[in-house]
Amino acid sequence: MSERSGPDFDELIGTEVEGEERERLLRVHELLIAAGPPPELPPALEPVEEIAPVVPLRPRPSRRRLAVAAVLAAALAVMAFGLGFFVGDRGDAQAVQPERVIEMTGQDARASLAILPVDEAGNWPMRMTVQGLPRLANGEEYELWLSRRGKPIKPCGTFVVTDEGRTVVALNAPYKLKNFDGWVVTRRGSEEALLETV
Amino acid sequence: MRVVATGVATDGDLIVRIADGDRNAFEELYRRYARPVLGLALRRIGDRGRAEDAVQDAFAAVWRSARSYKPERGAGAPWLYTVARNAIVDGLRRTPEPAAEAPDTASPEGGPPERAEASWLAWRVHRALEELPEHERPVIELAYYGGLSQSEIADFLSLPLGTVKTRTRAALARLADELDEELR
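Residue numbers (this note's numbering), protein chains in the order written: chain C, 1 to 198; chain E, 1 to 184.
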């Protein structure tokens, strides 16, 4: 596997673990780095508890996809095809260290936004970790925005959270970040900021 | 030491049940392997949209060919890996896009055998991550893939630093148990 950077093993483990067990954990550490992060599933591939009537946000018309869905219809009650779109999580950029980490807070909720290096096309891949947001009803999502003076200006993707209010999700900002002064998270369709940059 | 969970269906058990048309088994197998399969497809194809299509192809192939799985020949994970990989390759052949194929230039990941080994290891690691308890997985993902230090994770999760370190060590030990064969 290719060389990737990762956290400092000694910082993670400390000095208490020694000998064979330390070697074993070091090997796991190396495997985690080499494997890179598992990709985030887009909403269209997320397992869901039941099929709910959902209006496609940006359906990707694909006869092949529809054909596959037809084949699976009986079996894949857990999969909701074409429910939405996913803003690019580039597989080859997932393991790099973030250029900076943005902290966001809100009432009883907070988030961390790790911004990875911009690609040659102008995309800023991001990994967002959220905790404390309430789980929304089926078909509703949260949305991350670049903002100016707290007002959402440019969308950077949507996400949902677990029953515990958590998620770690890959998003993307295909914009010049210097044109904005912060980030906000809203419920999709609303401009009310539920999370804002610190 | 390898910890064997009791009372939990193995991947092989699930595939056998899928062969009998068990939808719940299929749902469970999908939950376990959706991200590893997408990771495999991304490695092979590169393009996100086509990789997502390939995930659907792969699980359709699992559903169709579950009867070909013979438990006496081995565990379920290698069988699933082979079926998924073949479905992904078949999809590439049906809709070839030269720009998305592997480059002709030398890859830092080596030749086909090395890439196959890397894909298998990534598959196993991603599968193992899926099995971490809810309270342990975030500390690993934030440390390894979020770029946060232990102190930053403690701050972010509102946990004492010692708790973060304890959970990190526990998670690594759990992963070591899960990946026992790869560590030999």
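Just so you know, even glycine gets a beta-carbon here, dropped at the ideal spot from N, CA and C.
Quiz item: If you follow the beta strand (DSSP E) that C:L195 is part of, which residue opens it and which one closes it?
Solution: A193 to T197
Self-check item: Cutoff 6 angstroms; reference E:R44; Cβ partners in own chain excluding five residues on either side
Solution: I88
Quiz item: With 16 as the cutoff for other CB atoms within 10 Å, does E:D11 come out buried or exposed?
Solution: buried
Quiz item: When the cut-off is 8 angstroms and only beta carbons count, does C:S147 lie next to chain E?
Solution: no
Exercise. Give the secondary structure of E:S158 by DSSP, where H, G and I count as helix, E and B as strand, and everything else as coil.
Key: coil
Exercise. May I have the straight-line CA-CA distance separating E:G76 from E:D13, to the nearest angstrom?
Key: 8 angstroms
Quiz item: Does the beta-carbon distance from E:V55 to E:A66 come in below 8 angstroms?
Solution: no
Quiz item: In terms of DSSP beta bridges, what is C:I115 paired with?
Solution: C:R100 and C:M126
Quiz item: Given a threshold of 16 other Cβ atoms within 10 Å of its Cβ, counted over all protein chains shown, does C:L146 qualify as buried or as exposed?
Solution: buried
Quiz prompt | Nearest-angstrom beta carbon gap, E:D47 and E:G91 [assumed within contact, 8 angstroms] | solution = About 11 angstroms; that fails the 8 angstroms criterion.
Quiz item: Does DSSP classify C:G189 as helix, strand or coil?
Solution: coil
Quiz item: Of all the options C:G182, C:K154, C:K178 and C:N179, which has the alpha carbon lying nearest to the alpha carbon of C:R188?
Solution: C:K154
Quiz item: Residues of chain C with a CB under 7 angstroms from the CB of E:P160: which are they?
Solution: Residues of chain C passing the Cβ test: none, with the nearest at roughly 15 angstroms.
Quiz prompt | Where the alpha helix (DSSP H) through C:E21 begins and ends | solution = G19 to A35
Quiz item: Looking only at C-alpha atoms, which of C:A173, C:V169 and C:T186 sits nearest to C:P130?
Solution: According to the sequence shown, residue 130 of chain C is Val rather than Pro. Answer by Cα proximity: C:V169.
Quiz prompt | Nearest to C:A114 (by Cα), restricted to the options E:T82, E:Y145, E:V125 and E:R17 | solution = E:Y145
Quiz item: Are C:L144 and E:E52 close, meaning C-beta to C-beta below 8 angstroms?
Solution: no
Quiz item: Helix, strand or coil: which one does DSSP assign to C:F180?
Solution: coil
Quiz item: Closest Cβ-Cβ distance between E:G76 and chain C: below 8 angstroms?
Solution: no
Quiz prompt | Coil, strand or helix - C:E143 by DSSP | solution = strand
Quiz item: Tell me which same chain residues have a C-beta within less than 8 angstroms of the C-beta of E:W120, skipping the five on either side of it?
Solution: Y81
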